[in-house]
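If you use our numbering, the sequence shown corresponds to residues 111 to 400, in order.
The structure appears below as structure tokens.
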Amino acid sequence: MSILANLSIIQISYLNNENESLLIRQTLSAELGDSKNLAFCRVGFSQHREILRKCKTTDERWYYILRCADEFWSYRALKNHLDTNDYIAYGSLPNNFSITIPDENTAAIAIRSFRDEYLLDYVDVKEPDDYDERDVENAIVAQIKKFIMNMGEGFCFIGNQYRLLVEDEEFFVDMLFFERNLQCLVALELKKDRFRPSDLGQLSFYLSALDKYVRKPNENRSIGILLCEDMKRTVVELAVQDYDKPMGVATYRLGTGIPEPYAALAPLIDGVQQIMSDIDDTLLKKQDPD
Numbered sequence: 111m112s113i114l115a116n117l118s119i120i121q122i123s124y125l126n127n128e129n130e131s132l133l134i135r136q137t138l139s140a141e142l143g144d145s146k147n148l149a150f151c152r153v154g155f156s157q158h159r160e161i162l163r164k165c166k167t168t169d170e171r172w173y174y175i176l177r178c179a180d181e182f183w184s185y186r187a188l189k190n191h192l193d194t195n196d197y198i199a200y201g202s203l204p205n206n207f208s209i210t211i212p213d214e215n216t217a218a219i220a221i222r223s224f225r226d227e228y229l230l231d232y233v234d235v236k237e238p239d240d241y242d243e244r245d246v247e248n249a250i251v252a253q254i255k256k257f258i259m260n261m262g263e264g265f266c267f268i269g270n271q272y273r274l275l276v277e278d279e280e281f282f283v284d285m286l287f288f289e290r291n292l293q294c295l296v297a298l299e300l301k302k303d304r305f306r307p308s309d310l311g312q313l314s315f316y317l318s319a320l321d322k323y324v325r326k327p328n329e330n331r332s333i334g335i336l337l338c339e340d341m342k343r344t345v346v347e348l349a350v351q352d353y354d355k356p357m358g359v360a361t362y363r364l365g366t367g368i369p370e371p372y373a374a375l376a377p378l379i380d381g382v383q384q385i386m387s388d389i390d391d392t393l394l395k396k397q398d399p400d
């Protein structure tokens, strides 16, 4: 008999009775599908332990087990996704997918494909109050592998500042992706500061141009995601309902260089780096007296 046939997962649930007794029930592998069985076996023990420690519900645990197996997450990558609470974040961004995407299944996939907030901790902005959208864009492109892993399975990067030509006038999409599960182009626009309803007008135009000039006949309608620093959810929900293009709005958080508790050490770090540089120069001079 195979290992899979003997595989069982212990589910623990608490009964709120007078004795607060503990009920333990084994879920036999036969009750799970083959895909879940295989995914369970492909995830390491340390990862399973972390999932059990951090997740409260069975659905949440399976969400991380399946993604961990499908996307080959390392233990560190899993911890990052658990810390950013992917399970809650995915599918919660304000959007109009249910009214702009006719196929219910495709609309459901679209909703689950995007998060309401993206942690861009690898984007190091030395001056948090003095940067623009292009700084963030360039930093993302430099770390595009990490960004795609953050976006999720199925995203393929096409390019940044993607050029659209409409009646001899040029327009540029900040970042353009193709999503394999949705079979559509995804235009991502970066905006600094808080969301403004007028931002959606530009994104809607880009989606129209992409559908007319770039989208292939076998592909679905393009989707637009506006990524901004802050938003008021009710404002976004009201604004997106007035557009007939599939759009959603998410926020992002950036890395801020040296963490606050260690900021006081910055002068010391700079001093050590200067000393090491001086030592290197001295050694080079000794090796090459000429």
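The beta-carbon is built from N, C-alpha and C at its ideal position, and this holds for glycine as well.
Three CB pairs or more closer than 8 angstroms across the region 213-227 and the region 246-256: Three or more Cβ pairs closer than 8 angstroms define a contact, and the region 213-227 falls short of that threshold against the region 246-256.
Buried or exposed by the 16-neighbour rule on C-beta atoms within 10 Å, applied to Thr344: By the neighbour-count definition (other C-beta atoms within 10 Å, threshold 16), Thr344 is an exposed residue.
Report the rounded CA-to-CA distance for Lys301 versus Gln157, giving the unit in angstroms. Approximately 36 angstroms between the Cα atoms of the pair.
By DSSP, does Thr216 sit in helix, in strand, or in coil? If DSSP states are grouped into helix, strand and coil, Thr216 belongs with the helices.
Minimum C-alpha distance to Phe287 - residue among Asp309, Leu275, Arg325, Pro307: Looking at the Cα atoms, Arg325 is the closest of the given residues.
Should the region 185-205 be called in touch with the region 350-357, which here means at least 3 C-beta pairs below 8 angstroms? Yes, they touch.
For a test of the three-state rule: what should DSSP assign to Gln351, helix, strand or coil? DSSP, read as helix, strand or coil, puts Gln351 in coil.
Beta carbon of Leu274 nearer than 7 angstroms to that of Phe281: Going by C-beta atoms, Leu274 is nearer than 7 angstroms to Phe281.
For Glu289 and Phe257, I'd like the C-alpha separation in whole angstroms. Cα to Cα, the separation comes out at about 14 angstroms.
Is the region 165-174 in contact with the region 290-299, if contact means three or more CB pairs nearer than 8 angstroms? With the cut-off at 8 angstroms, the region 165-174 and the region 290-299 do not touch.
Is Leu292 helix, strand or coil by DSSP? In the structure shown, Leu292 sits in coil (DSSP, three-state: anything other than H, G, I, E or B).
Would you report the Cα separation of Arg171 and Ile161, rounded to the nearest angstrom? Each residue's alpha carbon lies about 6 angstroms from the other.
Output yes or no for whether 7 angstroms exceeds the beta carbon distance between Ala179 and Val153. Cβ atoms of Ala179 and Val153: closer than 7 angstroms.
For Gly335, the nearest candidate out of Glu279, Leu176, Glu227 (CA to CA): Before going further, note that residue 335 is Ile rather than Gly in the sequence given. For Ile335, the closest alpha carbon among the candidates Glu279, Leu176, Glu227 is that of Glu227.
Can you name, in chain order, every residue of its own chain whose Cβ lies under 6 angstroms from the Cβ of Ser314, other than the five neighbours on each side? Within the same chain, Cβ atoms closer than 6 angstroms to the Cβ of Ser314 are found at Tyr353, Lys355, the five residues on either side in sequence being excluded.
In whole angstroms, what separates the C-alpha of Leu68 from that of Arg159? Outside the shown range of the chain, which is 111 to 400, sits residue 68, and nothing can be said about it.
Three-state secondary structure (DSSP) of Asn270: Residue state, collapsed to three classes: strand.
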